[in-house]
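First comes the structure, then the notes that go with it.
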Amino acid sequence: MSHDPHCIFCKIVEGKIPSRKVYEDDEMLAFHDIAPWAPVHFLMIPKRHIPSMAQLTADDAALMGRMLTLAPQLALQEGCKPYPEGGFRLLCNNGQEGGQEVHHLHIHVMGGPRPWLKG
Ligand code: AMP
Numbered sequence: 003m004s005h006d007p008h009c010i011f012c013k014i015v016e017g018k019i020p021s022r023k024v025y026e027d028d029e030m031l032a033f034h035d036i037a038p039w040a041p042v043h044f045l046m047i048p049k050r051h052i053p054s055m056a057q058l059t060a061d062d063a064a065l066m067g068r069m070l071t072l073a074p075q076l077a078l079q080e081g082c083k084p085y086p087e088g089g090f091r092l093l094c095n096n097g098q099e100g101g102q103e104v105h106h107l108h109i110h111v112m113g114g115p116r117p118w119l120k121g
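If you read the sequence shown in the numbering used here, its first letter stands for residue 3, the second for the next number, and so on.
Structure (structure tokens):
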């Protein structure tokens, strides 16, 4: 399924729910988390509805690679200090026991001065 009409992140991709965008291209979107744990906290998602990493196939390798290599650049853009003094944390929850609440694959990017609310 490339789009799920009941999915909150698909609605963000479509612009039906507003978001504070960090980055957008044909395949992916990054936007600020609505309930941030850290001074910098945004989410990176594929625009296509992929429920979690469990559904990834070999065809998604390039997309996931692009997301992971873009994350450090966006972290700096959003105010994280450079590695190694600054840095950032990536988190990807998958499935119920993995702590996933929104079932559209997303990578949390968190950073900024501590303490953080969580994590
Ligand atoms: P997870 O537990 O990994 O599924 O986390 C889902 C994340 O999505 C949480 O950190 C929420 O705060 C965030 N979230 C839920 N709805 C929205 C929204 N409309 N805009 C931005 N972030 C959201």
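For each residue, glycine too, the CB sits at the ideal point set by N, CA and C.
Quick caveat: nothing in here was measured; it's all calculated off a predicted structure.
Thinking Leu107 and Pro74 are a contact (beta carbons under 8 Å), I'd like their distance in whole angstroms, please.
Their Cβ separation, rounded to whole angstroms, is 19 Å, which puts Leu107 and Pro74 out of contact at 8 Å.
Would you kindly work out how many angstroms separate the C-alpha atoms of Trp39 and Met3, rounded to a whole number?
Straight across, the Cα-Cα distance linking Trp39 with Met3 is about 31 Å.
Tell me the DSSP bridge mates of Ile47?
Leu31, per the DSSP bridge assignment.
List the residues that DSSP assigns as beta-bridge partners of Arg91.
Per DSSP, Met112.
Using DSSP bridges, identify the partner residues of Tyr25.
In the DSSP output, where bridge partners are listed per residue, Tyr25 has Ala32.
Cβ-based burial, Gly100 [other Cβ within 10 Å; buried from 16]
With fewer than 16 other Cβ atoms within 10 Å, it is exposed.
For Asp35, is the beta carbon positioned less than 7 Å from some heavy atom of the ligand AMP?
At least one heavy atom of the ligand AMP lies closer than 7 Å to the C-beta of Asp35.
Leaving out five residues before and five after Ser21 in sequence, what residues of the same chain have Cβ atoms less than 6 Å from its Cβ?
Closer than 6 Å at the Cβ level, and outside the excluded window around Ser21, lie Ile14 and Phe33.
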